[in-house]
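Asker: One structure coming up, written as structure tokens, with questions to follow.
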Ligand code: MLT
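In my numbering, the protein residues as written are 189 to 401.
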């Protein structure tokens, strides 16, 4: 396996115009976790789902942390780069366009890190229960990339001000950010799926309009 290889699953899309999704699981998850959500919100899209390579007491993650909410930022940078290389290789191998990341918790955090460090790899991102992955991230040029952040009002892991700072940084970097807070905790809810589906529909409609214009 090359350095950029990840255990992963790939499901081909049936609609060539549907933006592929990069599915990034939370701590203790794996490459199969988000496939049902991905298929529900984007029935025609190609789905690419890697498994995080870092093990925390046997639980897969996408980067090391020192404590809950305290990240090993050197590892965040290295792993974001490695995952970005994997996505680029997978695009060639499977013949798909730049994906929108759909990440949950630790998966949302590595997706946010990729937006800040390797923005060319993603065409957008859906960040579910995300927080700032880096303390000193500089704004980058996100050139109107669409980003949906869904936070939980009763989330015991992600402080509201932390998620708001991430939204502000991405906005300052030029991303088109929609940040909503749902009346839920850290876990995913049906409302997440509904909002993600609506947001993706709007995105597809915008892309179709641009293609016609
Ligand atoms: C993280 O470590 O990325 C966040 O604390 C979310 C989590 O995985 O619990």
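For glycine and all other residues, C-beta sits at the position ideal for the given N, C-alpha and C.
Note that the structure is predicted; figures quoted are calculated from it, not measured.
Under the criterion of a Cβ to heavy atom distance below 7 Å, does residue 253 qualify as lining the ligand MLT?
Answerer: yes
Asker: Consult DSSP for residue 383 and reduce its assignment to one of helix, strand or coil.
Answerer: helix
Asker: Apart from the five residues just before and just after residue 256, which ones in its own chain have a Cβ nearer than 8 Å to its Cβ?
Answerer: 345
Asker: Quick one: using the 10 Å Cβ neighbour count with 16 as the cut-off for buried, is residue 215 buried or exposed?
Answerer: buried
Asker: Would residue 260 pass as a contact of residue 253 if the rule is Cβ separation under 8 Å?
Answerer: Their beta carbons are under 8 Å apart, which means residue 260 touches residue 253 by this criterion.
Asker: Helix, strand or coil, according to DSSP, for residue 346 in the structure here?
Answerer: It is coil, neither helix nor strand.
Asker: So who's on the other strand from residue 339, going by DSSP bridges?
Answerer: 369
Asker: Under 7 Å from any heavy atom of the ligand MLT, does the C-beta of residue 215 make it?
Answerer: Yes - the ligand MLT has a heavy atom lying nearer than 7 Å to the Cβ of residue 215.
Asker: Cβ atoms of residue 301 and residue 321: under 8 Å apart, would you say?
Answerer: Remark: C-beta atoms of residue 321 and residue 301 approach each other more closely than 8 Å.
Asker: Give the list of continuous beta strand (DSSP E) stretches no shorter than 3 residues that lie fully inside the segment 285-329.
Answerer: 288-292, 312-316
Asker: Any heavy atom of the ligand MLT closer than 7 Å to the beta-carbon of residue 294?
Answerer: Under cutoff, so the answer is yes.
Asker: Kindly say whether residue 288, judged by its beta-carbon, lies nearer than 8 Å to any beta-carbon of chain C.
Answerer: The displayed structure is made up of one protein chain only, and chain C is not part of it.
Asker: Is the beta carbon of residue 218 within less than 7 Å of some heavy atom of the ligand MLT?
Answerer: Not one heavy atom of the ligand MLT lies closer than 7 Å to the C-beta of residue 218.
Asker: Here's the rule: buried if 16 or more other CB atoms are within 10 angstroms of the residue's CB, otherwise exposed. What is residue 189?
Answerer: In this prediction, residue 189 scores a pLDDT of 46, lower than 50, which makes its location untrustworthy; the coordinate-derived value is nonetheless stated afterwards. Exposed, because fewer than 16 other Cβ atoms sit within 10 Å of the Cβ of residue 189.
Asker: Say yes only if the C-beta of residue 261 is nearer than 7 Å to one or more non-hydrogen atoms of the ligand MLT, and no if none qualify.
Answerer: no
Asker: Confirm, please, whether the CB-CB distance from residue 230 to residue 196 is below 8 Å.
Answerer: No.
Asker: State the Cα-Cα distance for the pair residue 368 and residue 194, rounded to the nearest angstrom.
Answerer: 31 Å
Asker: Tell me the rounded alpha-carbon separation between residue 343 and residue 211.
Answerer: 21 Å
Asker: So the beta strand (DSSP E) residue 244 belongs to, where does it begin and stop?
Answerer: 242-244
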